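Reading through the structure tokens given below for one structure.
There are 2 protein chains.
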Amino acid sequence: MQVSKLGIASLLCLAGAAMAQSDEPLQPIEPAKVTNQALVDLGAKLFFDPRLSRSGFISCNSCHNLSMGGSDNLKSSIGDRWQQGPINSPTVLNSSLNLAQFWDGRAADLRAQAGGPIANPMEMAFSHELAVDMLQSIPGYVNEFKAVFGDDKLSIDEVTTAIAAFEETLVTPNSRFDKWLKGDKKAITEDELKGYQLFKESGCIACHNGPNVGGNSFQRMGLIEPYQTDNPAEGRFAVTGDDADRFNFKVPTLRNVELTYPYFHDGAADTLSQAVDTMGRLQLGKKFTEEENGLIVGFLKTLTGDQPSFVLPQLPPSSDKTVRPNPFN
Amino acid sequence: MQVSKLGIASLLCLAGAAMAQSDEPLQPIEPAKVTNQALVDLGAKLFFDPRLSRSGFISCNSCHNLSMGGSDNLKSSIGDRWQQGPINSPTVLNSSLNLAQFWDGRAADLRAQAGGPIANPMEMAFSHELAVDMLQSIPGYVNEFKAVFGDDKLSIDEVTTAIAAFEETLVTPNSRFDKWLKGDKKAITEDELKGYQLFKESGCIACHNGPNVGGNSFQRMGLIEPYQTDNPAEGRFAVTGDDADRFNFKVPTLRNVELTYPYFHDGAADTLSQAVDTMGRLQLGKKFTEEENGLIVGFLKTLTGDQPSFVLPQLPPSSDKTVRPNPFN
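Chains as they are written, first to last, in my numbering: chain Z, -2 to 326; chain W, -2 to 326.
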């Protein structure tokens, strides 16, 4: 009898919690569920391995630095031979929640994304074939790939599968805002709550919604007023060739946005305050007052979650057969 | 009575162990003793922070990569704007055991070393003043420096003190060879032991001795035969101006040498086998047979110890006041 009462009370409680969440257009992030730790560990090594680049100097972590919100905090990234990248590096954090990868969504998922920079002459400037040859020459990697995938011969698909599996763990639950969403009403201040209300009422929420507070649609940059930039990126048009997609970009996540400056696809906004101001004017036709701007920025800072916490990976050493990189060739 | 017997037995045992160790010209590495964890943690953040460079892209860890034996595994390092460094990056692992820092020993200790690359226009290309201004603009750092050093105003001395404190923890105990030194006779194979005997008998031990298997003297590169290289480094002469010091370099540690390829101050030897061959001929006037070479290489691989194990540091974000780096200026 007691048990049954308790059971009903729990059910009601769960239903209440679920309702409280579904009332809001933002949802909390859940911790990653790791089903294959060996695969994730292999992916972590690959993510940190600069030997996946022509120079032996640039790794995934160079531009998606996990000490700095999964980004490089630069307007645009530094690629092979110090080439200037064409666009701001999006954060890798919570990227598994995005509808597609890259600003223009040209990669359907993290696996497809991971192969891109390795072979891009502006970025890591290697090739898939050279990357696989390099890994195949390293006994430590060969053993690990065999343990995970069951064969002696590596493939680029296995490489990107492992990197993607690691990246899927890079979610950031337990932000103060998520705690508030889950019912802890003291997790954010009154001003931060006001900022959230303003964020919703002003229309920011139209694009920045869902668990990733964005990342789930493509939208025109400069809806009300055109966006002025020297950056030649044309957004989604580059993928679809459809004129209607010109200057449509994937809406960036606002998760951990305090850490992922500078903002926009061209990295033109150095501060959150600037970004909120520009977004208000260009996307919503609204000039936020200094106070309103401050409230929204305050809310945005509650979206910083637990950063990925893991022991720095140790990379298996090259063998005598591994081709040595020459960055200055 | 029993206790007393045990006490004597322990004393004899300790004396035996100490004797066993002191019989050998190599000594085991002891784990680091951390007396100020907050200082070490701050140093770890600084070690991983690329904002200590002009570009915002290069950190201490870029060239002393703790995923790769504390080195970059490149002939010579990549500096600001992809400049080619003049010399091979020595490993930071166990560097606290060296008699001085840099190949020419121009820095007396790790603190003096840490300031060098930050301000070197070929490396991180920043200045001490700009580095301190940058850190001073970041509330997360200001709070941490205050907690550790007790004042609100940072200094470059505090920065290098913290980096050095972190680097002092980067020792690698528990190599198989150290276990053997401490009495576990099964920790290395018979062939590895033969390699060690050969290493001693051939004279390698004359320079590579002590706990760091090197790092404790300056020696002429090319004693018996001159060393042929395009690298213009003149070694210790650059510090002392004394002709007798021309081409004298700090003897590199052989700890973790399996991980710290390529070898020599110019990084000219890609493999351990090449390095052993060159050293034999040039320093000892001895041409090792293939078998001898293999035995010595086998021994050298027993010197790989426990790599530093720590959670990847999270860096405090820049504030609106932090000057944004522009790597392409």
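All C-beta atoms, glycine included, are put in the ideal place defined by N, C-alpha and C. Given the structure is predicted, the values throughout are model-derived calculations rather than measurements.
| Check | Outcome |
| --- | --- |
| Going along the chain, which unbroken runs of the beta strand (DSSP E) with 3 or more residues stay wholly within the stretch 244 to 302 of chain Z? | 245 to 247 |
| For residue 31 of chain W and residue 259 of chain Z, what's the separation of their Cα atoms in angstroms? | 37 Å |
| Go ahead and pull the three-state DSSP assignment for residue 325 of chain W. | coil |
| At a CB-CB cut-off below 9 Å, which residues of chain W make contact with residue 228 of chain Z? | Those within 9 Å of residue 228 of chain Z in chain W number zero; the least Cβ separation is about 13 Å. |
| Using CA atoms only, rank isn't needed, just tell me which of W:240, W:262, W:234, W:190 is closest to residue 227 of chain W. | W:262 |
| Out of Z:324, Z:109, Z:313, Z:319, which has the shortest C-alpha to C-alpha gap to residue 138 of chain Z? | Z:313 |
| Out of curiosity, what's the CA-to-CA distance linking residue 174 of chain Z and residue 256 of chain Z? | 16 Å |
| Would you list, in sequence order, the uninterrupted beta strand (DSSP E) runs of no fewer than 3 residues that lie entirely inside the stretch 65 to 131 of chain W? | none |
| Which bits of chain W does residue 308 of chain Z rub up against, with CB to CB less than 7 Å? | 306, 307, 308 |
| Taking residue 81 of chain W as the query, report the chain Z residues whose CB atoms sit under 9 Å from its CB, ordered along the chain. | 324, 325 |
| Can you pull the chain Z residues whose beta carbon is under 7 Å from the beta carbon of residue 65 of chain W, in chain order? | 312 |
| Output, in chain order, the set of chain W residues within a Cβ distance shorter than 7 Å of residue 258 of chain Z. | 315 |
| Among W:80, W:113, W:152, which has the Cα closest to the Cα of residue 119 of chain W? | W:80 |
| According to DSSP, is residue 58 of chain W part of a helix, a strand, or is it coil? | helix |
| Give me the chain W residues within the contact set of residue 252 of chain Z, using Cβ-Cβ distance strictly less than 7 Å, ordered along the chain. | Here the premise fails: no neighbours, minimum Cβ distance about 14 Å. |
| Between the alpha carbons of residue 114 of chain Z and residue 186 of chain Z, how many angstroms are there, rounded? | 41 Å |
| Do residue 44 of chain Z and residue 160 of chain Z have their beta-carbon atoms positioned less than 8 Å apart in this structure? | yes |
| Specify the secondary structure class of residue 210 of chain W as computed by DSSP and reduced to three states. | coil |
| Applying the 10 Å Cβ sphere with the 16-neighbour rule, what's the burial state of residue 9 of chain Z? | Because the pLDDT of residue 9 of chain Z is 43, which lies under 50, any placement of that residue in the model is unreliable, and the number read from its coordinates should be weighed accordingly. Under this definition residue 9 of chain Z is an exposed residue. |
| What span of residues does the alpha helix (DSSP H) with residue 34 of chain W cover, start to end? | 34 to 44 |
| Determine which residues share a DSSP beta bridge with residue 156 of chain Z and list them. | Per DSSP, none; premise fails for residue 156 of chain Z. |
| Closest to residue 326 of chain Z by C-alpha separation, out of Z:28, Z:77, Z:20, Z:95, would be which residue? | Z:77 |
| I'd like to check one pair, residue 218 of chain Z with residue 196 of chain Z: are the Cβ atoms closer than 8 Å? | no |
| Does any CB atom of chain W fall closer than 8 Å to the CB of residue 172 of chain Z? | no |
| For chain W, find out if any of its Cβ atoms is closer than 8 Å to the Cβ of residue 292 of chain Z; answer yes or no. | no |
| Do residue 270 of chain Z and residue 317 of chain W count as a contact pair if the criterion is CB distance below 8 Å? | yes |
| Given this structure, state the Cα-to-Cα distance separating residue 101 of chain W from residue 239 of chain W, to the nearest angstrom. | 13 Å |
| Residue 61 of chain W: which of Z:57, Z:73, Z:69, Z:47 sits nearest, CA to CA? | Z:47 |
| Any Cβ of chain W within less than 8 Å of the Cβ of residue 321 of chain Z? | yes |
| Smallest Cα separation from residue 172 of chain Z: which of Z:27, Z:21, Z:22? | Z:27 |
| Listing by chain order, which chain A residues have their CB less than 7 Å from the CB of residue 53 of chain Z? | In the structure shown, chain A cannot be found, because the protein chains are Z and W. |
| Mind checking whether residue 23 of chain W and residue 178 of chain W have CB atoms under 8 Å apart? | yes |
| According to the Cβ coordinates, are residue 110 of chain Z and residue 104 of chain Z closer than 8 Å? | yes |
| Going by the CB atoms, is the gap between residue 148 of chain W and residue 292 of chain W shorter than 8 Å? | no |
| With the cut-off set at 8 Å, would you say residue 90 of chain Z and residue 112 of chain Z are in Cβ contact? | no |
| Does the distance from the CB of residue 249 of chain W to the CB of residue 87 of chain W come in under 8 Å? | yes |
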